[in-house]
Each structure stands twice: as C-alpha cells, then as structure tokens.
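Chains as they are written, first to last, in this note's numbering: chain S, 123 to 498; chain E, 14 to 309; chain C, 135 to 417; chain X, -3 to 356; chain D, 49 to 282. Backbone N, C-alpha and C fix where the C-beta goes; we use that ideal spot for every residue, glycine too. Here the structure is a predicted model, which is why all the values come from computation and not from measurement.
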Amino acid sequence: GKEKTGGDTAGDVIKIGVFEPSSGDNGAGGKQEILGIEYAHSKVNTIDIGGKTYKIELKIVDNESSNDKAPTAAATLVGEKCSVVVGSYGSGVSIAASSVFGNAGIPVIGASCTNPQVTEGNSHYFRICYLDPFQGTVLANFAVDNFNAKTAYILTKLGDDYSVGLGNYFKEAFVGLGGTVVEESFQEGNSDFTAFITSAINSGADVIFAPTSTEAASLIIGQATAMNIDIPLLAGDTWDSSVILDAASGSNQEIYVSTFFDEGDDSAAGSEFVQGFKAWLNANPDKLANNGGNDIVAAVSALGYDAYMVAIEAIKKAGSSNPADIMGALPTTTYTGVTGDIAFDDIGDAIRNVAYIKSANTADASWNFVAIQSIK
Amino acid sequence: MEFINTYLPYILAGISVGGQYALIAIGYTMVYGILRLINFAHGDIFMAAGFMMVYLSASMPLYISIPLVIILTVILGFLVERIAYRPLRTAPRMSIMISAIGVSYLLQNCAWYLTSGLPKQYPKIPWISASVSIGASTTTVVTLITPILTIVLIVALVLLIKHTKIGMAMRAVSRDFETSQCMGIKINSVIGITFIIGSFLAAIGSLLYFTNYSTVTPISGAMPGLKAFVAAVFGGIGSVPGAVVGAFLIGICENILKIKELDMTTFSDAFTFALLIIILIAKPTGLFGEKITDKV
Amino acid sequence: MSSNIMLQVENVTMQFGGVIAVDNLSIDVYEDEIVALIGPNGAGKTTTFNCITGVYEPTNGCIKYRGEVIVSNYPQGKMKKQYLGKNNGLYSKVINPTPDQITILGIARTFQNIRLFKNLSVFENVLIAKHLRAKQNVFTATFRLNYREERRMREECMALLEEQSLLNLKDAPAGSLPYGLQRRLEISRALATDPKLLLLDEPAAGMNPQETQELAEFIRQIKEKYKLTILLIEHHMDLVMQISERIYVQDFGKLIATGTPEEIQKNQRVIDAYLGVAEDAFA
Amino acid sequence: MDKKIKIIIYAALLVALFALLFILEQILPSYSMLFTVLKKGAIYALVAVSMNLLNGFTGLFSLGQAGFMLIGAYTYGIFTIPTEARSAVYQYFDGGIINFTVPVVVALVMAGVAAAIFAYIIGLPVLRLKSDYLAIATLGFAEIIRAVFQWKTLGPVTNGSNLLRLYPTFKSVLFPFAVSGICIAIIVLLINSSYGRAFKAIRDDEIAAEAMGINLAKHKRLAFTISSFFAGVGGALLAMYQTTIQASAFKSAMTYEILLIVVIGGLGSVTGSCISSFLFIAASEWWLRFLDETTYIGSFKVPLLNPGFRKVVFSIIIMIVVLFYRRGIMGNKEFSLDPIAKQFKKRFRRRKEVVGSNEQ
Amino acid sequence: MPLLKISDLKVNYGAIEAVKGISFEVPEKSIVTLIGANGAGKSTTLRTIAGLVKPVSGTIEFKGEDITAKDPALIVSRGITLVPEGRKIFPDLTVLENLKIGAYLRKDNLDDDLNWIYDLFPRLKERTWQMGGTLSGGEQQMLAVARALMSRPKLMMMDEPSLGLAPMIVRDIFDIIREINRQGITILLIEQNANMALQTADIGYVLETGRITLTGSGKDLLTNEAVKAAYLGT
Ligand SMILES: Nc1ncnc2c1ncn2[C@@H]1O[C@H](COP(=O)(O)OP(=O)(O)OP(=O)(O)O)[C@@H](O)[C@H]1O
Ligand SMILES: Nc1ncnc2c1ncn2[C@@H]1O[C@H](COP(=O)(O)OP(=O)(O)OP(=O)(O)O)[C@@H](O)[C@H]1O
Ligand SMILES: [Mg+2]
Ligand SMILES: [Mg+2]
C-alpha cells in the first residue's frame, strides 16, 4: 500500500494491522469485523506515549479466507511494520499466518477466531472471544435446558475445521448431558439441504445444530422454511449475521444462535456502542454496504471494536510502539469492552464464562435476546 | 407407503435439481458442440442472472424484472462471446479455454466487488415459490414445474437444431468453420446465436434454481456449473439429449446418496465423479457421445 | 519361394457395424518384392493396412509375418451375432498387438494423409523413430547415462537425412516443408525404425505426374539400399504399373484380381470396377 | 556455441542467482514481500512446470494437479509432525496413529512418491480417455481425493477436516529455490531426452507416434506419473510455505490457477512457466494490493478502490494477456542464451577482423 | 470484361509468403486451370478469392465489383463458390441437408435445383437420406460439387477435385466439369493431374512458388516443353 494520508512523517505514526478476509468464503464476516475495527479507529485514532502524540494508522489486508494466501497477506503487514495486528475472522487463516507474525515478533489479537489451536503454543497470539469447546458446550446446555432435547441432529460442513470442530464439541457436551446425536456432513458447494433436513426429521431430532457459514445457513433456513419443519435450528457465532435474518424473515422457523454480543444490551457501554456504530454506518454508504446493506450490529463488529481497543490499551500499557513491548504488556492487559470484561489467561485466551443466546425474530428481521447461558 | 414417504423427498429433490442442471448443461454442451470449448464462464453467467434478479426485482415488479433478467443475461452471454472468445477464433484451443477461465474469474470477482460477497436473498416469486404437499412430504411448486419446463424447453431446442435452417447451420459450423463459410454461413452469427440460446436457458435455470435455494453468492454458479458440466460430459458432451439424461441421472443419484441409511453423504459429490469416471471408462465419450474415430 | 515369405494376410475380415470394409482378404508378400494394392475408393485398402499395423483389430482372420502369427482374431463378443463374413470358426486364437509392437517387429508404414510431427524439426521427427530400439530407460535417459546410445541414434539419423538429401532442412519444422518433401520425410521417418517391410499408403497423392515419376525412382532406390519389401496403395496407375512386381486388386473389401501389371491391365473385372477404359488411365 | 562454454555460463548464472538471493536475504528484512513472492513463486514454478510436462509436452489435458499436490502436502505433513506435537495437532483423534517422523528430505521424496503411486494407479484406467474427457476425469479424481482426505474415518491419519500443522517448515528462500530448481532441472533433462521426444511425438500425433513404435499407454503413464511426482513435491513445498495443511485449500480453483500460469507462460515452454509463475504470484499477491485500500488523496477519495477491486483488476489483466498474447509470454520457445551469445560472438569476430585488417 | 480479374495479389501466412503478386483473368463461361507444384500457392489463391484468407495487397474484381477481403458470405452471395480441397462434406448431415446447406443464402424454392442436381448426379438421388460421412470417396466428391452448385454460382472454383480418387472416378469428375461448364458456369480449376486439367481447360496458368510463370491455352501448355518436363513427367 502506498497510501499516505495528510503529511505525517513515519515517526509520528503507529500502525495497527488488520488481518481479515474481505473476499472468499468468510469475506462477509470479515468485512463486518473490519467495520468494528474501523469504527473503533474512528473513535480513537491517536495515542499519547511518553508525552508525544502518535497518529494510529490502520493497515487492512485481505487474506482471502484462504490458507495459502494468508501467509502472504500476513507478510504484507509485517512489511508495513505494524506494531500489533488484529484478526482474523476464521481460525484456519489465523493458524496459517500465525508463524509469520510469530517469526516477526508481532503480537496478534484475535477477535472472533474460536478454534483452540489459534493460541495454543503461540505465545504471540491472543484472543478476546470465547473458544469453540466453550461455545459447543454452551449450546448443548442450552438445547437441553430450553427444549429438553434428547436427540440432536448435527450438520457440519466437510473440510471446514470450524464447522466440524464446533460440531464435535457440541456432540461431546450433548452426549455428556445424556442426549443422543445424529451426525451428517455436507460437501462444499452443496446447495440442496432438503435431504439433510428430511433425515433430521426422520431421526426424530429435537434440535438441529448446524454450525456453518452464512451461505450454507441461508440455504438451510430457506429450505427448512419451505418444508415447514418445527424443529429449532441452533448454531454458533457465525450465524449472528443479518444474512440469517434476511433468510428467516417472514417464516416461522425457530433459530437460536450463541454469540459474543447482544445488540439489545442495555449496559451503558453496550448501548453507546450500538448507537454510535449505527450512526457511523448510516453516515457512510460504503460501510453500510459492507455490513450487508443494513445497520444491524453483528457480534463480530463488536468484537472487532473490542480487539482494537485492547490493542490500544496494550500499547498504552507498554508505553511503546515496539511489538516486543506490546507483546510483553498484553498478558496483563485488561479492558472492559462492549462484549464484556476482557482479561487473558496464560494461553492468551480471554477468560470468559458466558455466552449470549439470541433468537431470530422472523417478523421484523431482528434478533431477540434469549438468555445469557453459562455452563453447568 | 412408508417407503415412499421416506424416500419421495429425495427423489423429488433429485428430479428438480436434475432439471436445473439440465438447463445449465445444455449451455455447456451446445457451446462445446460448436466451438469445442468448455465454457467455464457458463456457471458464472448463471450466477450473474441470479444477482440481476436480486437487484432488479428490488426496484421493479416481477413481470418486468423477469423478462429483463432474461434479456440482460442473454446480452451478457453474447458479450462474453464477442469480447473473450471471438478474437481467439484461430488461436490454439487451450487459449480459448484459458480465456473462459479468465471470464469466469472476472465475473466472480466483479460480483464480489459489487455485492461485498454477502449472500443475497433471492426474491420470492409468487406461486412457484409456494409450498405444496405430496403425500407426507412438503416441497415447493418450483420443484414440480422444473422438470416439466425443462423437458418442454429441450424438446423445442431439439426441434430447432434438427429441423430448422439455423439448426442445420449450427450442425454444419460445429463440424467445420471454413467449409461452412464457403457455404455462405456467417459463423460468427451462428456462434452468437448458440451463446444466446445457452444464456437464455441459463437464465431460466437460474430463475428456477435460485427460487428453490433462495440465496445468491458470487460462487453460487461454481458448483451447479461444475455439476452441469459433469452432466454434459456424462451424457456425451455435444449431445443435447445426452446432457439432459446426464443431468437428471446426476441430480437423482446425488440426492439418493443423501439418504441417511446409505451413510454416503460424505461422498455424494465424490460419488458423482466416481460414477462419471466409471461411465467414461466404459464409454470413453459419455453415454450418447459420438465416438471420436481418428480416421487413419 | 515360401521359405522367404514376408507377410501373409489370411482370410482377414474387418467389419464396422454392419459394413464389411475388408472381406475375407488374403494377400502374400515375398521378400524383396514390391507389391501394390489397388482398388476403388472405399474398397478397404487403408483398412487392410490398419489391420496389418495393429490400428484396427480385424474381426476375423490372421496375419503372419515371416511365418509367425502376429495378428489373429475371430468374431467374438458383440460381433459374434453380427458377423456377416465368411470363415467363422476357422480361428480361435486372439492376438491383437498395438501398433508399436508391430513396428518393433519390423513393419513400418506411412499414412494416406501425412502424419508428421508438424511442430517438431525434421531431425527430431527422424530421431523419434529411433526411440523404440534404443537400449535405455527413463532414468538413464534423463540423467544422460545413455549418452553412447543417444550419440549413436543421432549419428544414424544424420546419415539417413544426408542420404535422403534432407540434411539442409534438418532444423526446419516438419510442417513447414513443401508437400513433396513431407512425403519424403514421412518415408525417411519410417525407414529410421529399421523396417524389413514398408507399407506405403498413397505416397503419390497430390503429386503431379512429374513428381510421381521422381517418387517411383525414389522408392526403387530405398528398396535396394535398405533391402526392403514394399507393399503400397496407390491410385496413380503409371506409378503402380511401373514399379510393382505384382498387384492385388480389392473391391468392396474383396480381392477381385491378382497378377502382374500386364495381367491386371487386361483384366476385365478390374477395368469395370476400377480402371474404366484402359487406355485413358495411362494417358 | 561450444557446449562446454554453454554449460559453464549457465552454471555461473545459477551460482550468481543463488548468491544474489543469499545477499538479498542478508540485506532485506525477512518479511519483505519480495521473499514471499520468491518463495511461493518458486513453488508454483515447479508445479506449473510439472503441469506443463503433461499439458504442454505430452498433450495430456489433465486437471488433477491440485489433487496430487494435496497428496504430497499431506504425506509430507503426516510424516514430519514431531511426535511430541501430534497430540496437539490430532486433538480429535488421540494423537493420530502414526507415531514416527522422518527427515524433511526423505519426506519430500515420499510426498512425490505417494503422489506418483496414486497417479500410476488412476492412470491405468483414466489415461485411455481423450482430451476434455481426460480433463474432467482427472478433475473428478482430484475432488474424490479431497473428499477422502477429509473423511472422518481416516481422521487418525489425515486429521479429517482439521488442519495439519507444527511440521518443519523453511525460513530461507534458498530452500524452495534449491528444491524447485533441482526438480525443474530434472524435468528439463527429461524433456530433452529420448523420452521427452517421445512425449512430444505423442502430443503432436498419437497415431503416428504409435506407428513409430512408441507404446502410448506406457509413455502416457510415465509422463503422468512423473508429472504427479513433482506435483507432489510441489505440494509438500507449498505445505511448508503455508505452515498449515487443509484439504479444502486444494480445490479445482488451484488447478485452474496453475493452468493459467502454464498457458500465460506458454504451453510447452519451461522458462515461460517459471517466469509467469513469479509474475502471477507477484501481481496477484503483491503489486496490486494497493487497489484494495480505500485511498484518499488529500480529502479526495479515489473512486473504485475498495476491497475486492484488486481481484477485478487482476482478472482483467489476465484477460488482456490471454487476448493479446495468445501463445503466452514465451510461446513454445525457451529462454536461451544463444541469441545473446551470437550477438556477442559477432561483435567479437568483427573486432577481430578489424584488428586483423589493421595488422595487414 | 472478364468475369474475374486478379491483380497483383499477395498473400502471407505469418512470415511465409505463399502468393507473391499474381495477376490473371477468368473469362466468362470458360474453364481456367491453375497448375503448379505442391506449395506453389494454388489453394491459397482460391481461398483468398473465396474470402477465407485476407491478402496483403492486390485486388480481386468480380464482374467489375471489388470483392477483395470481403466476408465469405458476401462473396458466395455474389455467385462465387469454392469446392474445397479434400471434399469437406459435412459428415453428420444427410446428403439432402448437405445440398440444402449449399443453398444457405438463397431464400427461394430449391425443388428445381434439386431436380437438376439429381439429373446431373443420379447416384446422389439414391442416397438422399444417407449421412454424408458414410459415402465413398467418389460419392463425397460428387456431393461436394453438387453442394457448390446449389448456390447457383456464376463461378465455381474447384481445388484438386481428383485428389485420391480412383482413375474411373477421376474421369467422371472431369466429365461433370465439362457438363457444368456447358450449362454456362465458369470454372476455375486447380489440378495436380495436369494432363487431364490442360486437356479440359480453355486457359491454363502455371504457378511456381507464388508467381505465374507461364500462360497459354490448355492445348498449348500441353505441348510446351517446360511444362512437359516439370509437370507431365514425359
Ligand atoms: N473406423 C471406421 N469406422 C467405420 N467405417 C470405417 C472405418 N474405417 C474405414 N471405414 C469404412 O471402411 C471402408 C473402407 O475404407 P478404406 O479407408 O479402407 O478405403 P480405401 O480403400 O483406403 O479408400 P481410398 O482409396 O478412398 O482411401 C469405407 O467404407 C470406410 O467408410
Ligand atoms: N495455414 C497455413 N499456415 C501457414 N502456411 C501455410 C498455410 N497454408 C499454406 N501454407 C503455406 O503456403 C504455401 C502455399 O500453400 P498452398 O496450399 O496454397 O499450395 P498449393 O499450391 O495449393 O499446394 P498443394 O498442391 O499442396 O495443394 C506453402 O508453402 C504452404 O506451406
Ligand atoms: Mg485409403
Ligand atoms: Mg492445394
């Protein structure tokens, strides 16, 4: 990138890398996460270190949701001499690029990547969201608590580590709670889910758990609606997207998702963020388009916001723009974000014990807050 | 009855998917028949038709937007031929194919750029989006009308190819450009018409397909495109009836494989390819393919 | 005479679907002979060559090369019911070699419509023909452990091109050669496989009478030089009558006449089916 | 030109190249995009050349490259993950069932061999098919391979849908250059050998090739197997470069990408494939990145520059290259020093003549 | 005014100069033949006239109209057809369809023409419904000629119609050429069979490596010593 805004000299600038997909399978979610980061940047774009004011610059790079493009994208950020990096949506790319950042000694703060392997053994990788084992367990608990579910039908996407992984954790927890599961998986590019839905019905499932990308999700919802099924659909954080609301609007399909953040959160920080973010989106047609054309706040946007703020906090704490110093400061950095209190454990994961459960309000295409679920 | 209730949905889904594949597959087969070109961009033209519908239907009523989508798709198909294939008429075959891959990339990337890659909800088309019950299973009207419409369109197409002057010209051009020119045939127009027909069918296919599946993304065309292409090869590429038979076979097979009891879902796509390979090994030019005999 | 018999085509029938292209054909070719196979278009001449060289599997019949059976088949599989020809049941062995195996035995051919490796140089065209007899494998060839063999191949090819006066064109792409030289190169390439028996399919097609004349001379020369036996198909009667010692005439797949050129020219059946008014053909 | 001199010149150039790379690594920071492009470019060059061996030199239109790379990548990964890391990688499969590791070089060879064995087996039936039918069948096989590697039942070996990671990788750009260089050199030697000529004969005219005593089945299988061997090695290198392996990355899109490189470089040109793979990687991953960034000049927002625009521009560039350089950058020619050397010689000779005439 | 007038025609294939500036005329209702060695540029000349190849320079005039480098379809519509080298009939069209496609640009009724063709070639009438590809070589050649006639040409160009045909068929073809010419169609003929061609032709041109080196009536050339030595082999 050759972009230079204003007349800053390099000495007055601290660069924060944004390592996110804006194309490929996870492009949509990645863009929403970027929006949160950009919004945060619009709020806090300078920082004082040692009495000097530095301008913060965002370096956004597209990892194309692809493991083989990720290292190159990461190298771009390293080349830009970013002090700290935020990202990425999608755990696979985060893992793939991890060593590039690791070798360069740059700390990375994952916003929404939920796979345990992202941080495991990577002292430079931190993360502010909960993990898949937690999320899977939460959802299993929710299914049992709310629907008294005995049988769950799990539909995962073959070859997708997020999908398969989360499905696995859900299964472990659900079986642990005394339920039985029926598992199936679909292949990339599959567009006809009626057969799967039929087998869910035939298996006598009380809930369908489908941790998939939003593309598959809208197909599943559309076809489930057409088939008039009355089994609730459960899914993880990826489904917390306006795409799902679009797909479900006007139907009477029950949809529950676990997520990091609730738009209807009426805490001061939460509502301030929601209002500010919406106003910011609406003022900017490009951004609104990147959010899917509406101003519904995705949880990943909130996480992106928080991740950026954590980065700022760490820089402040380190009192330096040197990546090594920031890395040193991060483990002890704490921050109260819009998604809750953030502190890191010794692996680098955020210490979290609750998840929000939301349900799709199909009448007016919005999310209804259902519960804050914790693990038994 | 129990049996039918359990398995009917799979078969219905299969027939419906088969019909949609068939409409796309014909585009592949026609273009291949005439240019010997695997038109990799065909699936993406289908996808583009989907997006056109999403955007157009947002601002105008269906009775305008549907015909408009069909017209625009046809124009798109024609333009692709004009810009990307016609200049390469005398180039090595591989270059034209690469051009096709390039167009496919371009269309996908443009769609990405314009839509930000977010899945778009396809508009509901009244009546054909409605649900109907057959026995104990529920499906949409589109599932039922797809095969019928497909068959009607294809019969019309076969009649066109077999019994009209332009059809005769298409068959002639597919054999030999130069000699066709000597007969006074304008090969560019004939090829243009081929693309127009192919795109027209792709547009119809996209109406049916996306009504059934409700979401359009920039890569929506890739998988149906590939499947339709497989169907075309399966039936013997270049043969219209072959493409249709292949498409229905593949549609039905891949859905039957999803029957839980078979426990084959993991391999439903793989199985499609496996079946294709088996067929090809038994009949190296597909079910209805003309035998390539190198006259020695 | 039969001690030095080269090629025996015995009762060969080739049926495509319902069409019998070669019908119970028997041909003998002796060592050191030039034999011609003539007949109207579609009589099955090229098909006969294709059966001999392994391009097609004959439906029935057998072919012997120097007394040894190299091709043999009988109506079987789908053909069992469809078979329309004679001599069903005469053979029970199946030997269906691929064309390369036939070439290795020492039978080389040219094609009715020239089939050179058009993008490769003249030299490479000939060099490729040496591949089959080289003592090497992929490994030795890749790492040049076969360099002696490779040198020998190259030297032999240079010598051959020199003889055929193609040496000055050795680096030209074969496709760029004038038609007549392409024919000559195709024959040279066939010679490079070290054949004993050479099959030529319409070598004079597309040549004018003068060029045809030169070709006749050329064929005679290579025959002497390489101790070849030659079987050729041709429509140019002046060439055929001039160089062949014996002629077989095929019509609708069947053999309708055989004999010396003089006998054939007078044969009424041949005149009716093929030559038309005799004098005209040699005008 | 004297053959010996030629060899010496090429060797000198090679040494110079490696020296240059070495020096670059000392002076440029390790994260420089240049190295990323060089590493990936070297790997893609190998894969593209191996595909060219099939498509450009043997005339077999195969689209199975990604599948063979997948096999190579997994073979490499599976056999090199340190035993102590296995429980972390195979977390869903109790550490997997393979409990030993082999040295990197051995694993690279194994990667090639595994791909080659597989190619040999599927080649038996598939290579009987012609042109586009062969293409679709090989494409199909690649898809099947992918599904099999993601299959849960094979999880203890392949880790199912999950990533393989923590295996040895390379840091220096010299490593991929050396490995790719050796492999490409072997392919070039093969192409220029008697067997290479046989492959080209098959490409030009199968029937004539057969009539020249070339066993079609054997030679096609040979080309297919050898090409797959190198694709497997390329896959292993790619795995090292990416630091993680996931079957879902090896889609047909990857094969198309390689095919694009091959055709843009020129079918039947090894140097073309190499040049175009570096250009391709550089353009797609480096030079055009600025197009994705919303840019302001002063307060003026440069239009069109938004995420995704880079790819649009890139596909347009590809189209332009395809439409205006239909035979690719190099056609079917090779980059060679001969013309340069000839120039040199001519000048040299002229000077000699001048000197000579002066003396008289 | 000649029916067809070629002036200083030059044609290249890439770097190869196939035709290096030739001029000749074809009078109305005549039979004109081009003879010459292989690769002399004969086929290229015909293909250029038919519009299949674009010349580098030179003009082609037909009935006074400049048709140089025009679209092949337009040239056909003016009344020029080419019987291409190697027959090139459409193998999976029936004989009737092959004939109909010959009249592709015509919109009027074809019945009369079909009857005329069937009179000329009774063999084809028997095989109306047979696929073109299944005909024998001689029949295919007849079909190619008949197909060209279906456009009701004023000028018919034939590229080596006797190539690879049995002696008897060769004679038939030449008989047909004379017959068509009697019916008023001008013929431009390329032949390797120089004997037959010169016997049939009113005018002959000898082409050598892209240039015309000799011109004369068919009879004259037949007795010309140079022609005899180079092309007639006697
Ligand atoms: N592969 C094939 N499939 C079907 N029919 C074939 C095949 N090859 C040849 N034939 C038919 O067999 C018959 C004999 O053909 P062949 O080529 O042997 O004739 P020919 O004697 O060489 O004629 P010409 O002198 O015209 O070359 C023809 O009717 C031809 O159509
Ligand atoms: N498509 C082409 N591309 C390149 N060169 C060609 C092409 N067609 C013909 N040539 C070359 O142009 C020259 C003239 O060819 P042309 O076919 O006109 O000769 P001809 O007189 O008809 O010969 P023949 O008797 O072989 O038919 C030859 O040198 C030939 O190699
Ligand atoms: Mg023949
Ligand atoms: Mg010619």
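| Query | Result |
| --- | --- |
| Using the C-alpha atoms, what's the distance from Phe261 of chain E back to Glu267 of chain E? | 10 Å |
| For Thr107 of chain D, collect the residues of the same chain with a Cβ closer than 7 Å to its Cβ; drop the 5 residues on either side in sequence, then sort them by chain order. | Ser55, Asp114, Thr116 |
| Quick one: grab the DSSP three-state call for Gln375 of chain S. | coil |
| Taking 7 Å as the cut-off, is the C-beta of Glu133 of chain D nearer than that to any heavy atom in ligand 2? | yes |
| Chain D beta carbons: is any one of them nearer than 8 Å to that of Gln344 of chain C? | yes |
| By DSSP, does Leu288 of chain E sit in helix, in strand, or in coil? | helix |
| So with CB distances below 7 Å, who are the chain X contacts of Pro200 of chain S? | According to the sequence shown, residue 200 of chain S is Val rather than Pro. Result: Tyr27. |
| Step through the CB atoms of chain E and report whether any lies within less than 8 Å of the CB of Asn483 of chain S. | no |
| Quick one: grab the DSSP three-state call for Met216 of chain D. | helix |
| If you draw a straight line from the alpha carbon of Phe82 of chain E to that of Pro231 of chain E, how long is it in whole angstroms? | Checking the sequence shown, residue 82 of chain E turns out to be Val, not Phe. Cα to Cα, Val82 of chain E sits roughly 17 Å from Pro231 of chain E. |
| Is the CB of Leu150 of chain X under 8 Å away from at least one CB in chain S? | no |
| Using DSSP with H/G/I as helix, E/B as strand and the rest coil, what is Trp489 of chain S? | strand |
| Starting from the Cα of Thr187 of chain C, find the closest Cα among C:Arg282, C:Tyr164, C:Asp234, C:Leu366 and give me that residue. | C:Asp234 |
| Using a Cβ-Cβ cut-off of less than 8 Å, list which residues of the stretch 308 to 333 of chain S approach chain E; keep chain order. | Phe308, Gln309, Glu310, Gly311, Asn312, Ser313, Asp314, Thr316, Ala317, Phe318, Thr320, Ser321, Asn324, Ser325 |
| Shortest alpha-carbon distance to Lys111 of chain D belongs to which of D:Gln247, D:Ser105, D:Lys202? | D:Lys202 |
| List, in chain order, every chain E residue whose beta-carbon is nearer than 8 Å to that of Asp207 of chain D. | Near Asp207 of chain D there are no residues of chain E at all, since even the closest Cβ is about 10 Å away, more than 8 Å. |
| Comparing the C-beta of Glu355 of chain X with each C-beta of chain S, is any distance below 8 Å? | In this predicted model, Glu355 of chain X has a pLDDT of only 46, less than 50, meaning its place in the structure is not dependable enough to derive any value. |
| Are Leu100 of chain D and Thr93 of chain D touching if we call contact CB-CB under 8 Å? | no |
| With a cut-off of 8 Å, do at least 3 Cβ pairs link the stretch 110 to 122 of chain E to the stretch 304 to 319 of chain X? | yes |
| Between Glu179 of chain S and chain X, is the shortest Cβ-Cβ distance under 8 Å, so that the two count as touching? | no |
| Taking a cut-off of 5 Å, which residues have a beta-carbon closer than that to any heavy atom of ligand 6, in chain order? | Absence of ligand 6 is noted for the structure shown, with ligand 1, ligand 2, ligand 3 and ligand 4 being the only ligands found. |
| Going by C-alpha distance, which of D:Pro215, D:Ala194, D:Leu213, D:Tyr166 is nearest Met205 of chain D? | D:Ala194 |
| Ligand 3 and Gln246 of chain C: does any heavy atom of the ligand fall closer than 7 Å to the residue's C-beta? | yes |
| In the DSSP assignment, what residue or residues form a beta bridge with Gly84 of chain D? | D:Leu255 |
| Are Glu281 of chain X and Lys181 of chain S close, meaning C-beta to C-beta below 8 Å? | no |
| Just to confirm the assignment, what range does the beta strand (DSSP E) spanning Ser117 of chain E have? | Per DSSP, Ser117 of chain E belongs to no beta strand (DSSP E); it is in the alpha helix (DSSP H), 106 to 128. |
| With a 10 Å radius around its C-beta and 16 neighbouring C-beta atoms as the bar for buried, classify Gly181 of chain D as buried or exposed. | exposed |
| Between Gly149 of chain S and the rest of its own chain, which residues show a CB-CB distance below 7 Å, the 5 nearest in sequence each way excluded? | Pro143, Ser187 |
| Three-state secondary structure (DSSP) at Val383 of chain C? | strand |
| What residues of chain X sit near Lys191 of chain S, judged by a beta carbon separation below 8 Å? | Glu281 |
| Can you list every residue whose CB sits closer than 5 Å to some heavy atom of ligand 2, going in chain order? | C:Tyr313, D:Tyr61, D:Ile64, D:Ala66, D:Asn86, D:Gly87, D:Ala88, D:Gly89, D:Lys90, D:Ser91, D:Thr92 |
| Would Thr56 of chain E pass as a contact of Gly238 of chain E if the rule is Cβ separation under 8 Å? | One detail in the question is off: residue 56 of chain E reads as Gly in this sequence, not Thr. Contact flag set, yes. |
| When the Cα atoms are used, what is the spatial distance from Lys220 of chain C to Met213 of chain C? | 13 Å |
| Step through the CB atoms of chain X and report whether any lies within less than 8 Å of the CB of Ala150 of chain S. | no |
| Less than 8 Å between CB atoms is the rule here; does Asp368 of chain S satisfy it with respect to chain E? | yes |
| Taking only three categories from DSSP, how would you classify Ser83 of chain X? | helix |
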